[in-house]
Amino acid sequence: MSIGLVPITLAGETLAGVFSAADSSCYAAKEKGRNRVHVYQTGDTMLAARDGEMRWMPRIQQALADGRFRLYYQPILPVGSDAPAAARGEILIRMVDEAGRIVPPGAFLPAAERYGLMLALDRWVVRRSLEALSATLGLGGDVTFAINISGQSLGAGDFLDFVTEQIDATRVTPSKLCFEITETSAVSELAHALHFIDTLKGLGCRFALDDFGTGLSSFSYLKTLPVDYLKIDGGFVTGLVGDDIDRAMVEAVHHIGHMMGLETIAEWVESPAILLKLRKIGVNYGQGYALGRPRPLDLDQMRFD
Numbered sequence: 081m082s083i084g085l086v087p088i089t090l091a092g093e094t095l096a097g098v099f100s101a102a103d104s105s106c107y108a109a110k111e112k113g114r115n116r117v118h119v120y121q122t123g124d125t126m127l128a129a130r131d132g133e134m135r136w137m138p139r140i141q142q143a144l145a146d147g148r149f150r151l152y153y154q155p156i157l158p159v160g161s162d163a164p165a166a167a168r169g170e171i172l173i174r175m176v177d178e179a180g181r182i183v184p185p186g187a188f189l190p191a192a193e194r195y196g197l198m199l200a201l202d203r204w205v206v207r208r209s210l211e212a213l214s215a216t217l218g219l220g221g222d223v224t225f226a227i228n229i230s231g232q233s234l235g236a237g238d239f240l241d242f243v244t245e246q247i248d249a250t251r252v253t254p255s256k257l258c259f260e261i262t263e264t265s266a267v268s269e270l271a272h273a274l275h276f277i278d279t280l281k282g283l284g285c286r287f288a289l290d291d292f293g294t295g296l297s298s299f300s301y302l303k304t305l306p307v308d309y310l311k312i313d314g315g316f317v318t319g320l321v322g323d324d325i326d327r328a329m330v331e332a333v334h335h336i337g338h339m340m341g342l343e344t345i346a347e348w349v350e351s352p353a354i355l356l357k358l359r360k361i362g363v364n365y366g367q368g369y370a371l372g373r374p375r376p377l378d379l380d381q382m383r384f385d
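The structure is reproduced here in structure tokens:
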């Protein structure tokens, strides 16, 4: 049992405000490990953050209803000259607010994750991405989209069926799809992740393990998950130039990945100096501002080799 308590002696408090604070306090108690009591206090930073996220929930739902989300695309490019060059990139989501301004994902995705809206967003991204990819069928290009899948979607019983239905409906070649799953999501939903990966790999899709290296048991789980790519966590990549430990971590991930027959992708490649270090290590692909910023998905501007 989790309990949220709110003093009702505060001057100027409305009944709605008291109930809202009690609801937030109850959720805060659950996050502390359940069977806890959280007492609301004025200036509670934990609840202030939660209240801020709660305000995003109806905005996200309304944006979905209004069609106010957009696909962005960030290229994933070869680090070395021997890697094949093709139009390849990660699909990203952006929200358009009520005034028509682009909202970065860091503003609304935490709220979507907390309040169970990621499944709806993932469905939207998969549907729109496959429709866009289907439009390239007659263009003769070698295009691959990397699409993020959340832990909530991995654990949803009908999401896998939804993805396979979209592949069939759009007639997209499955090998042009690479689904990205974070290490944390894969571990927390291991059984579902394995079934999801096995089923879609059977169709020809590929998989990348995202943010690799952040978990305490990263390498042990790697032997269990049949992925094709390792995306080296950007926190290590940004420190590649000046931090010996970060450099050793990048080298270790790349080396073990290659021993297992996997290709490596470095995130957050923000400078030419980082790119040079990655080339020396032998990392296969890079993604970051030094190689290309996220931009609205525009098939006419994509590169076809």
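First residue of the sequence shown? That's 81 in the working numbering, and the numbers climb one at a time after it. A virtual CB, placed ideally from N, CA and C, is assigned to each residue, including glycine. A quick note: this is a predicted structure, and the numbers were derived from the prediction, not measured.
The DSSP assignment places 185-194 as complete runs of the alpha helix (DSSP H) inside the region 138-204, in order along the chain (cut-off: 4 residues). Pairing residue 293 with residue 313 gives a Cβ-Cβ distance under 8 Å.
A direct Cα-to-Cα measurement between residue 149 and residue 374 gives close to 15 Å. Three or more pairs of CB atoms, one per stretch, sit closer than 8 Å, so the region 339-349 contacts the region 302-321. If you look at residue 290, you'll find it in the beta strand (DSSP E) that goes 286-292. The Cβ atoms of residue 345 and residue 271 do not sit closer than 8 Å to each other.
Taking a 10 Å sphere around the C-beta of residue 256, we find 16 or more other C-beta atoms and assign the residue as buried. Taking a C-beta distance under 8 Å as the contact criterion, residue 140 and residue 197 qualify as a contact pair. In chain order, 231 place their CB closer than 7 Å to the CB of residue 268, counting only its own chain and leaving out the 5 sequence neighbours on each side. In this structure, residue 280 sits away from residue 252, with a CB-CB distance that is not shorter than 8 Å. Taking the CA atoms as reference points, residue 338 sits about 9 Å from residue 363. Counting along the chain, no alpha helix (DSSP H) covers residue 269, and no H or E run does either. Note that the C-beta distance between residue 189 and residue 233 is not below 8 Å.
Under the DSSP assignment, residue 325 falls outside any beta strand (DSSP E), being part of the alpha helix (DSSP H) whose first and last residues are 324-339. Between residue 290 and residue 263 a beta carbon distance of about 7 Å is seen, short of the 8 Å cut, so the two are scored as contacting.
For residue 249, the uninterrupted alpha helix (DSSP H) run begins and ends at 239-250, by DSSP. The DSSP-derived three-state label of residue 359 is helix. In this structure, 229 is the residue among 284, 229, 328, 138 with its C-alpha nearest to the C-alpha of residue 203.
Residue 317: member of the alpha helix (DSSP H) spanning 314-317, first to last residue.
Going by C-alpha positions, residue 333 is about 22 Å away from residue 369. Cα atoms of residue 273 and residue 266: separation of roughly 6 Å, rounded to the nearest angstrom. As the crow flies, the alpha-carbon of residue 205 is around 8 Å from that of residue 227.
Between residue 356 and residue 310, the C-beta spacing is not below 8 Å.
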